[in-house]
Amino acid sequence: MFKLLLFIGILVLIFGYRKKQKKKGGININTILLAALVVLFLISILTRFQN
Numbered sequence: 549m550f551k552l553l554l555f556i557g558i559l560v561l562i563f564g565y566r567k568k569q570k571k572k573g574g575i576n577i578n579t580i581l582l583a584a585l586v587v588l589f590l591i592s593i594l595t596r597f598q599n
């Protein structure tokens, strides 16, 4: 599960970066994606420590 979340996070980062290169005004989308990635990462770390 942790590796799956990490893989999805990397895909989201790459996708967000490529979108940012195409559109200069897509800052809001990228910040939302990064915030979601950080939240997912923290949740995965917390669930790992609980088990």
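Heads up: the sequence shown begins at 549 in the numbering used here, then just goes up one per residue.
All residues carry an ideal CB built from backbone N, CA and C; glycine is no exception.
Between residue 560 and residue 587, what straight-line distance do the alpha-carbon atoms span, to the nearest angstrom? As a working note, residue 560 is residue 12 in the sequence shown. As a working note, residue 587 is residue 39 in the sequence shown. Take the alpha-carbon of residue 560 and the one of residue 587: they are about 13 Å apart.
Cβ neighbour criterion (16 or more within 10 Å) applied to residue 581: Taking the sequence shown and counting its residues from 1, the one referred to as residue 581 is at position 33. With 16 or more neighbouring CB atoms inside 10 Å of its own CB, residue 581 falls in the buried class.
Suppose the cutoff is 8 Å on Cβ atoms and the five residues either side in sequence are ignored; what does the same chain contact list for residue 584 look like? Reading the sequence shown from its first residue, position 36 is the one you call residue 584. Excluding sequence neighbours, residue 584 sits near 560.
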